[in-house]
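Chemist: Protein sequences appear in the order of chains W and Y. All residue numbers for the first sequence refer to my numbering, where the first residue is 62 and numbers rise by one. All residue numbers for the second sequence refer to my numbering, where the first residue is 758 and numbers rise by one. I have a structure I would like to understand better, so I am pasting it below and will then ask my questions one at a time.
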Amino acid sequence: AQSVTQPDIHITVSEGASLELRCNYSYGATPYLFWYVQSPGQGLQLLLKYFSGDTLVQGIKGFEAEFKRSQSSFNLRKPSVHWSDAAEYFCGGAGNKLTFGGGTRVLVKP
Amino acid sequence: DTAVSQTPKYLVTQMGNDKSIKCEQNLGHDTMYWYKQDSKKFLKIMFSYNNKELIINETVPNRFSPKSPDKAHLNLHINSLELGDSAVYFCASSPRGGDYGYTFGSGTRLTVV
Numbered sequence: 062a063q064s065v066t067q068p069d070i071h072i073t074v075s076e077g078a079s080l081e082l083r084c085n086y087s088y089g090a091t092p093y094l095f096w097y098v099q100s101p102g103q104g105l106q107l108l109l110k111y112f113s114g115d116t117l118v119q120g121i122k123g124f125e126a127e128f129k130r131s132q133s134s135f136n137l138r139k140p141s142v143h144w145s146d147a148a149e150y151f152c153g154g155a156g157n158k159l160t161f162g163g164g165t166r167v168l169v170k171p
Numbered sequence: 758d759t760a761v762s763q764t765p766k767y768l769v770t771q772m773g774n775d776k777s778i779k780c781e782q783n784l785g786h787d788t789m790y791w792y793k794q795d796s797k798k799f800l801k802i803m804f805s806y807n808n809k810e811l812i813i814n815e816t817v818p819n820r821f822s823p824k825s826p827d828k829a830h831l832n833l834h835i836n837s838l839e840l841g842d843s844a845v846y847f848c849a850s851s852p853r854g855g856d857y858g859y860t861f862g863s864g865t866r867l868t869v870v
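Here it is in structure tokens:
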């Protein structure tokens with residue numbers, strides 16, 4: 062079955078520190094992969110997407126993600142976190158439909 | 758110039774009532790979706806319409822009935838509301854089959870009391 066897994070339910074990081082959120086996928090072929098962010102009380106905003114080509118993808122708000130076929134992973138990174146990055150992050154994979162992981166809540170300490 | 762707009766934003770209703778949520782997109786996308794986000798933040802697709810035709814219907818109780826009068830609109834009608842229907846419902850749209858990412862509305866928080 063097609064699925065996306067986010068192993069970390071929540072992560073706490075200090076402001077200015079780096080952030081990495083993990084995402085693993087299980088699809089028959091390489092799916093289209095996405096990262097979305099949901100701020101409290103808001104909808105989902107697309108951060109970045111991967112279809113093919115360069116395995117390091119740049120997104121908005123200073124985020125990037127790296128596709129690693131050998132590890133079936135698509136981890137999201139940010140070199141220096143700002144307090145406004147506190148939110149819920151969802152990894153998604155699309156075969157015939159977009160399926161999300163369970164989300165990772167990011168808390169930012171001052 | 759909201760790309761995907763849902764109304765209402767909040768909906769509080771009693772068990773047994775019937776309610777509707779409306780969604781409109783002005784992006785010219787062909788495909789629209791309904792997602793349900795439960796209290797633990799899990800997002801699960803419910804329905805998908807492509808050019809007014811139902812193409813995905815997950816295991817959703819038949820009390821939920823989507824309707825797409827045209828490709829820019831996808832409404833969700835819920836009959837005989839139950840406590841377990843309380844959730845945030847998101848509408849989304851995408852060009853073609855979703856290969857290029859989905860654009861989400863801001864959600865409708867439904868509370869059944």
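A virtual CB, placed ideally from N, CA and C, is assigned to each residue, including glycine.
Use the C-beta contact count for MET772(Y): other C-beta atoms within 10 angstroms, 16 or more gives buried, fewer gives exposed.
Modeler: Translated into the one-based positions of the second sequence, residue 772(Y) becomes position 15. Under this definition MET772(Y) is an exposed residue.
Chemist: Is the beta carbon of PHE95(W) less than 8 Å from the beta carbon of LEU107(W)?
Modeler: Stepping through the first sequence from its first residue, residue 95(W) is reached at position 34. Stepping through the first sequence from its first residue, residue 107(W) is reached at position 46. Going by C-beta atoms, PHE95(W) is nearer than 8 Å to LEU107(W).
Chemist: Could you tell me whether the region 863-870 of chain Y touches the region 106-121 of chain W, where touching means 3 or more Cβ pairs closer than 8 Å?
Modeler: The region 863-870 of chain Y vs the region 106-121 of chain W: no contact.
Chemist: Going by C-alpha to C-alpha distance, which of TYR767(Y), GLN782(Y) and ASN774(Y) sits closest to LEU831(Y)?
Modeler: On the second sequence, residue 831(Y) is found 74 positions in, with the first residue counted as 1. Among TYR767(Y), GLN782(Y) and ASN774(Y), the Cα nearest to that of LEU831(Y) is on GLN782(Y).
Chemist: So is ALA126(W) buried or exposed if we call it buried at 16+ other beta carbons inside 10 Å?
Modeler: Here residue 126(W) is taken as the residue at index 65 of the first sequence, counted from 1. So ALA126(W) counts as buried.
Chemist: Using DSSP's beta-bridge definition, name the partner residues of ASN871(Y).
Modeler: Residue 871(Y) is absent from the model: chain Y starts at 758 and stops at 870.
Chemist: Please compile the residues from chain Y whose C-beta is within a distance smaller than 8 Å of the C-beta of PHE151(W).
Modeler: Here residue 151(W) corresponds to residue number 90 of the first sequence, with the count starting at 1. What PHE151(W) touches in chain Y: LEU800.
Chemist: Measuring CB to CB, does LYS139(W) end up less than 8 Å from PHE124(W)?
Modeler: In the first sequence, counting from the first residue as 1, residue 139(W) sits at position 78. In the first sequence, counting from the first residue as 1, residue 124(W) sits at position 63. In contact: LYS139(W) and PHE124(W) (Cβ atoms closer than 8 Å).
Chemist: Can you list, in chain order, the residues of the region 77-107 of chain W whose Cβ is nearer than 9 Å to any Cβ on chain Y?
Modeler: Listed by position along the chain: TYR93, PHE95, TYR97, GLN99, GLY102, GLN103, GLY104, LEU105, GLN106 and LEU107.
Chemist: Based on DSSP bridge pairs, tell me the residues matched to LYS776(Y).
Modeler: Here residue 776(Y) corresponds to residue number 19 of the second sequence, with the count starting at 1. ILE835(Y).
Chemist: For TYR846(Y) and ASN807(Y), what's the separation of their Cα atoms in angstroms?
Modeler: Locating residue 846(Y) in the second sequence gives position 89, where the first residue counts as 1. Locating residue 807(Y) in the second sequence gives position 50, where the first residue counts as 1. Whole-angstrom Cα-Cα distance: 19 Å.
Chemist: By DSSP's criteria, THR788(Y) is part of a beta bridge. Which residues make up the other side?
Modeler: As a position in the second sequence, residue 788(Y) is number 31, starting the count at 1. For THR788(Y), which the question treats as bridged, DSSP gives the partners ASN807(Y) and SER851(Y).
Chemist: Verify the CB distance criterion: does SER762(Y) have a CB-CB separation below 8 Å to chain W?
Modeler: In the second sequence, residue 762(Y) corresponds to position 5, counting from 1. No - not a single Cβ of chain W is within 8 Å of the one on SER762(Y).
Chemist: If you draw a straight line from the alpha carbon of ASP775(Y) to that of SER131(W), how long is it in whole angstroms?
Modeler: The residue you call residue 775(Y) lines up with position 18 of the second sequence. The residue you call residue 131(W) lines up with position 70 of the first sequence. One C-alpha to the other measures close to 49 Å.
Chemist: Tell me whether ASN814(Y), by its Cβ, gets closer than 7 Å to a heavy atom of the ligand MG.
Modeler: This structure does not include the ligand MG; it has no bound ligands of any sort.
Chemist: For the region 129-142 of chain W, which residues have a beta carbon sitting closer than 7 Å to at least one beta carbon of chain Y?
Modeler: Of all residues in the region 129-142 of chain W, none has a Cβ within less than 7 Å of some Cβ in chain Y.
Chemist: Three-state secondary structure (DSSP) at GLN106(W)?
Modeler: Along the first sequence, one-based indexing puts residue 106(W) at 45. In the structure shown, GLN106(W) sits in a strand (DSSP, three-state: E or B).
Chemist: Might you give, ordered along the chain, the residues of its own chain that have their beta carbon closer than 8 Å to the beta carbon of GLY153(W), omitting 5 neighbours on each side?
Modeler: Numbered from 1 along the first sequence, position 92 holds the residue referred to as residue 153(W). Result list for GLY153(W): VAL65, LEU94, PHE95, TRP96, TYR97, LEU159, THR160, PHE161 and GLY162, in chain order.
Chemist: Just to confirm my understanding: we take TRP144(W), look at its own chain, exclude 5 residues before and 5 after, and list those with CB closer than 8 Å. What are they?
Modeler: For the purposes of this step, residue 144(W) is taken as residue 83 along the first sequence, with counting starting at 1. Excluding sequence neighbours, TRP144(W) sits near GLU76, VAL169 and PRO171.
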